[in-house]
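Asks: My questions will all concern the structure given below.
There are 2 protein chains.
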Amino acid sequence: MGAKRRRRVMAQLDQAAQACVRAGAQMTDLRRTVLRLILEAEGPATAYELLDRLKRTRKGAVPPTVYRALDFLMAQRLVHKLERLNAFVPCAETGHQHMAQFLICRECGTVAEIEDRAAARALEHAAGREGFQPRHTVIELEGTCAACSHPASG
Amino acid sequence: MGAKRRRRVMAQLDQAAQACVRAGAQMTDLRRTVLRLILEAEGPATAYELLDRLKRTRKGAVPPTVYRALDFLMAQRLVHKLERLNAFVPCAETGHQHMAQFLICRECGTVAEIEDRAAARALEHAAGREGFQPRHTVIELEGTCAACSHPASG
DNA sequence: ACTGATGCGATATAACATAACATATGGCAT
DNA sequence: ATGCCATATGTTATGTTATATCGCATCAGT
Ligand SMILES: [Zn+2]
Ligand SMILES: [Zn+2]
Ligand SMILES: [Zn+2]
Ligand SMILES: [Zn+2]
Chain R
1 MGAKRRRRVM AQLDQAAQAC VRAGAQMTDL RRTVLRLILE AEGPATAYEL
51 LDRLKRTRKG AVPPTVYRAL DFLMAQRLVH KLERLNAFVP CAETGHQHMA
101 QFLICRECGT VAEIEDRAAA RALEHAAGRE GFQPRHTVIE LEGTCAACSH
151 PASG
Chain U
155 MGAKRRRRVM AQLDQAAQAC VRAGAQMTDL RRTVLRLILE AEGPATAYEL
205 LDRLKRTRKG AVPPTVYRAL DFLMAQRLVH KLERLNAFVP CAETGHQHMA
255 QFLICRECGT VAEIEDRAAA RALEHAAGRE GFQPRHTVIE LEGTCAACSH
305 PASG
């Protein structure tokens, strides 16, 4: 089970590297490592959690080390920041631009990235009516996920 | 011009106090003062900005003092937190429950609270499809406001 | 070689938020 | 009146998240 997942992570890293080439951006060792740590994480990872893991292989890593990598990865749309959690997750749909939307479960901590076009359109229109040009949109729904709603039936 | 605004703030404070009574919540001096500081602020106010102002009249105020008041005011839906800015604004539409939506201008810092029912419905439906029950939703559009988009025509 | 852009190292500090325990107050049952 | 509980706030300390700034190395274009 671990092997399959590792292969998937590797494939995602390669995809990400190719996307960077296409965008004229440099996927360095550091950035690739931080992205790998995020991909390998079970859920959202905070900057300092990533830093701790990064330190295992990169002795001198300090906060700016990881924040710089995160800034790059966010600019490339390879990862998203969850503002409610101050934590980072891989983009579930890299490659095409989208208005990321998240469902964050308070019970189990699970985060799901969804993409509801109707909601995105509605917000774009609402902004347009105000003459507002959105550059970055945060949409995070915090509550109870399906699994945690059901009283463990079975 | 200042007098008019002060009267409006006072009216808002009284409304807020009444809402608290209806909700069985205690609008204490401290909480009222923090709400007043938020209402008087020109724009979004951070917790530490509020703390600094609070200290002028409440000598021993420390971070927990203001964070507790903010927690109360948020629970009463009298203020919102802007997650992108770690800052607080008064609710523009107190009294009726709503999915707050914000337009945050990067240029001038202006924040507008809007309420687009179509977007809210779409997100509720999207969550429902996933079996997710939202309790709190963050919607923040960051970009350029109408005033800042126009090259100062005149 | 010179220059500018980028990536990263390294140190320090700023900004944001909470834990944990103490004290005060008021309502209420005995 | 006394004891008890809940709520609000005081108090001290700490934890967590993020940035500023300066320096060095590399590399591409000139
Ligand atoms: Zn995404
Ligand atoms: Zn859950
Ligand atoms: Zn509101
Ligand atoms: Zn503006």
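Top to bottom, those sequences are chains R and U.
Using our numbering, read the first sequence as starting at 1 and increasing by one per residue.
Using our numbering, read the second sequence as starting at 155 and increasing by one per residue.
Every residue, glycine too, gets a C-beta built ideally from N, C-alpha and C.
Just so you know, these numbers come straight off a predicted model, no measurement behind them.
Sorted by chain position, which residues of the same chain lie with C-beta nearer than 8 Å to G154/R's C-beta, five sequence neighbours on each side aside?
Replies: Working through the first sequence from its first residue, we reach residue 154/R at position 154. Interpretation of G154/R is limited by its pLDDT of 43, a score under 50 that renders its predicted location unreliable; the figure taken from the coordinates is listed afterwards. The answer is none, since no qualifying residue turns up.
Asks: Closer than 7 Å between beta carbons: that is the criterion. Which residues of the stretch 129-148 of chain R meet it against chain U?
Replies: Cβ contacts with chain U come from E130, G131, F132, Q133, P134, R135, H136, T137, V138, I139, E140, L141, E142, G143, T144, C145 and A146.
Asks: Is the CB-CB distance between L50/R and V62/R below 8 Å?
Replies: Stepping through the first sequence from its first residue, residue 50/R is reached at position 50. Stepping through the first sequence from its first residue, residue 62/R is reached at position 62. Cβ distance not < 8 Å, so L50/R and V62/R don't count as in contact.
Asks: So, helix, strand or coil for C302/U, using DSSP?
Replies: Here residue 302/U corresponds to residue number 148 of the second sequence, with the count starting at 1. If DSSP states are grouped into helix, strand and coil, C302/U belongs with the helices.
Asks: Taking 7 Å as the cut-off, is the beta-carbon of A273/U closer than that to any non-hydrogen atom of ligand 3?
Replies: Position 119 of the second sequence holds residue 273/U. Answer for A273/U: no, Cβ out of range of ligand 3.
Asks: Is P198/U helix, strand or coil by DSSP?
Replies: Taking the second sequence and counting its residues from 1, the one referred to as residue 198/U is at position 44. If DSSP states are grouped into helix, strand and coil, P198/U belongs with coil.
Asks: Can you list the residues of chain R that E267/U reaches, using a CB-CB cut of under 7 Å?
Replies: What you label residue 267/U is simply residue 113 of the second sequence in a count that begins at 1. Correct list: empty, because the minimum Cβ distance to chain R is about 11 Å.
Asks: Which residues mark the beginning and the end of the alpha helix (DSSP H) in which F187/R is found?
Replies: Outside the displayed span of chain R (1 to 154) sits residue 187/R, for which this structure offers no information.
Asks: Name the two residues that bound the continuous alpha helix (DSSP H) containing A23/R.
Replies: Here the question's residue 23/R lines up with position 23 in the first sequence. Counting along the chain, the alpha helix (DSSP H) containing A23/R begins and ends at G2 to A23.
Asks: Out of curiosity, what's the CA-to-CA distance linking A119/R and G214/U?
Replies: Counted from its first residue, the first sequence places residue 119/R at position 119. Counted from its first residue, the second sequence places residue 214/U at position 60. One C-alpha to the other measures close to 46 Å.
Asks: Kindly indicate which three-state DSSP category L239/U falls into: helix, strand or coil?
Replies: Against the second sequence, residue 239/U aligns to sequence position 85. L239/U falls in the coil class under three-state DSSP.
Asks: Around the C-beta of A147/R, are 16 or more other C-beta atoms found within 10 angstroms, so that it is buried, or is it exposed?
Replies: In the first sequence, residue 147/R corresponds to position 147, counting from 1. It counts as exposed.
Asks: Considering only their Cβ atoms, is the gap separating T33/R from L54/R smaller than 8 Å?
Replies: Stepping through the first sequence from its first residue, residue 54/R is reached at position 54. Stepping through the first sequence from its first residue, residue 33/R is reached at position 33. Taking 8 Å as the Cβ cut-off, L54/R and T33/R qualify as a contacting pair.
Asks: Using only the heavy atoms of ligand 4, determine whether one of them is closer than 7 Å to the beta carbon of A266/U.
Replies: In the second sequence, the residue the question calls residue 266/U occupies position 112. Result no, Cβ not under 7 Å from ligand 4.
Asks: Taking 7 Å as the cut-off, is the C-beta of A246/U nearer than that to any heavy atom in ligand 3?
Replies: Locating residue 246/U in the second sequence gives position 92, counting from the first residue. Result yes, Cβ under 7 Å from ligand 3.
Asks: At 8 Å on the CB atoms, spell out the chain R contacts of L277/U, in chain order.
Replies: As a position in the second sequence, residue 277/U is number 123, starting the count at 1. The answer, in chain order, is Q101, D116, A119, I139 and L141.
Asks: Can you check whether the CB of G43/R is closer than 8 Å to the CB of T94/R?
Replies: Indexing the first sequence from 1 puts residue 94/R at position 94. Indexing the first sequence from 1 puts residue 43/R at position 43. Not a contact, by the Cβ cut-off of 8 Å.
Asks: Taking buried to mean at least 16 other C-beta atoms within 10 Å of its own C-beta, is A229/U buried or exposed?
Replies: Position 75 of the second sequence holds residue 229/U. Exposed, by the Cβ-count rule.
Asks: Out of T291/U, C262/U and E267/U, which one is the CA nearest neighbour of A276/U?
Replies: For the purposes of this step, residue 276/U is identified with residue 122 of the second sequence, where counting begins at 1. The shortest C-alpha separation from A276/U is found at T291/U.
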